[in-house]
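Remarks on the structure that follows.
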Amino acid sequence: MLIDRDIPRGNGYHLRKLTYFIACSIDGFIGDPSGDATSMYRFVNEEFLSFLKADYPETVPVEGRKALGFHDVPNQRFDTVVQGRASYQLALDAHVTSPYAQLREFVASRTLTESPDANVELISQDLVGRIRELKSEAGDLGIWLCGGSQLAGELIGEIDELVIKTYPLVYGSGMPMFGSDLEAIEFTLDAVRTFDNGALVRTYSRKR
Ligand SMILES: NC(=O)c1ccc[n+]([C@@H]2O[C@H](COP(=O)([O-])OP(=O)(O)OC[C@H]3O[C@@H](n4cnc5c(N)ncnc54)[C@H](OP(=O)(O)O)[C@@H]3O)[C@@H](O)[C@H]2O)c1
Numbered sequence: 000m001l002i003d004r005d006i007p008r009g010n011g012y013h014l015r016k017l018t019y020f021i022a023c024s025i026d027g028f029i030g031d032p033s034g035d036a037t038s039m040y041r042f043v044n045e046e047f048l049s050f051l052k053a054d055y056p057e058t059v060p061v062e063g064r065k066a067l068g069f070h071d072v073p074n075q076r077f078d079t080v081v082q083g084r085a086s087y088q089l090a091l092d093a094h095v096t097s098p099y100a101q102l103r104e105f106v107a108s109r110t111l112t113e114s115p116d117a118n119v120e121l122i123s124q125d126l127v128g129r130i131r132e133l134k135s136e137a138g139d140l141g142i143w144l145c146g147g148s149q150l151a152g153e154l155i156g157e158i159d160e161l162v163i164k165t166y167p168l169v170y171g172s173g174m175p176m177f178g179s180d181l182e183a184i185e186f187t188l189d190a191v192r193t194f195d196n197g198a199l200v201r202t203y204s205r206k207r
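Note that numbering that gives the first Met the number 0 numbers the sequence shown so that position 179 is 178, with each residue one more than the last.
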């Protein structure tokens, strides 16, 4: 069944939601074997950008927001982002220390000893405990688990929602959505949004 309607807003939980919002190939890879997802970028066209601007503007990195003219659009779903250090490293390599300055930023790392930016808090121990603390804070907006694969695998127990941007590409092999062995976990489909270029965005809630 194809559902094409507004994705539900707000929290509805007593805890803030942790949402794994991620770009994937049809066969479920978040990038090539090295994690490189640049071949997906070509599907982020005008229609897709309009969707991001309306529903998930805070997931566009700060430089992209400026270039696209929506740097001042208010956050819609999230006020916090959590990244693994390998994902954050891509920003550092581009000399950007706060890629999502519109959000509170957390980076999980055991090797970084000092945060490179006042807006970035490092999580070096008790990752799950820190995420639970963030989820228990008051607020209407949720927490975006940005990735990558390793971090998502470690935080699977805390994930409440999946928002999967699927682009019409088959990789054959690559970096999986979850970088650890998991038991089957059931989710409920809440919404599917389709795009003319073959991209789709599915939203699932975890069955608890
Ligand atoms: N398709 C998409 O939408 C998307 C989104 C995000 C990322 N990506 C891709 O994902 C790739 C990176 O993913 P990845 O799986 O290699 O790495 P990752 O999950 O981004 O980061 C792994 C790192 O996080 C830190 N970490 C993990 N667990 C930790 C814990 N329990 N406590 C403290 N620190 C912890 C460690 O950093 P230290 O080594 O510093 O200890 C570890 O090396 C990138 O290539 C990126 O392109 C794709």
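Even glycine gets a Cβ: it sits at the ideal position worked out from N, Cα and C. Remember, predicted model here, so these are calculated numbers, not experimental data.
Under the rule that 16 or more other beta-carbon atoms within 10 Å means buried, what is residue i, buried or exposed?
| i | result |
| --- | --- |
| Ala198 | buried |
| Val127 | exposed |
| Thr202 | buried |
| Gln124 | exposed |
| Leu154 | buried |
| Gly68 | exposed |
Among the options, which one has its Cα closest to the Cα of residue i?
| i | options | result |
| --- | --- | --- |
| Pro175 | Leu14, Thr18, Gly27 | Gly27 |
| Gly152 | Asp116, Ala107, Val43 | Ala107 |
| Ser204 | Val72, Ile163, Lys52, Arg64 | Ile163 |
| Arg109 | Ile155, Gln82, Gly178, Asp189 | Gln82 |
| Ile122 | Glu104, Ser135, Lys134, Ala137 | Glu104 |
| Asp189 | Asn196, Val200, Asp195 | Val200 |
| Glu160 | Leu14, His13, Phe20 | Phe20 |
| Leu181 | Ala137, Gly156, Tyr170 | Gly156 |
| Lys16 | Asp116, Asn74, Trp143 | Trp143 |
| Leu150 | Pro167, Glu62, Arg84 | Arg84 |
| Arg207 | Leu133, Ile158, Val119, Thr79 | Ile158 |
| Tyr99 | Ala117, Leu14, Thr58, Asp139 | Thr58 |
| Asn118 | Ile130, Lys134, Leu111, Gln101 | Gln101 |
| Pro115 | Pro73, Lys134, Val95 | Val95 |
Any heavy atom of ligand 1 closer than 7 Å to the CB of residue i?
| i | result |
| --- | --- |
| Ser76 | Before going on, a small fix: residue 76 reads as Arg here, not Ser. No, the Cβ of Arg76 stays beyond 7 Å of every heavy atom of ligand 1. |
| Glu153 | yes |
| Asp116 | no |
| Ser172 | no |
| Ser179 | no |
| Thr110 | yes |
| Ile130 | no |
| Gly63 | no |
| Ile25 | no |
| Leu14 | no |
In the DSSP assignment, what are the bridge partners of residue i?
| i | result |
| --- | --- |
| Ser33 | Partner(s): none; Ser33 has no beta bridge. |
| Phe20 | Val162 |
Between residue i and chain C, is the shortest Cβ-Cβ distance under 8 Å, so that the two count as touching?
| i | result |
| --- | --- |
| Gly138 | No chain C is part of this structure, which consists of one protein chain only. |
Point to revise | Complete alpha helix (DSSP H) runs within the segment 48 to 136 (minimum length 4 residues, chain order) | key: Listed in chain order, they are 61 to 67, 84 to 92, 126 to 135.
Practice item. Only counting runs of 3 or more residues, tell me where the beta strand (DSSP E) segments fall wholly within the segment 126 to 190, in order along the chain. Key: Counting whole runs of 3 or more residues, the segment 126 to 190 contains the beta strand (DSSP E) stretches 141 to 146, 160 to 165.
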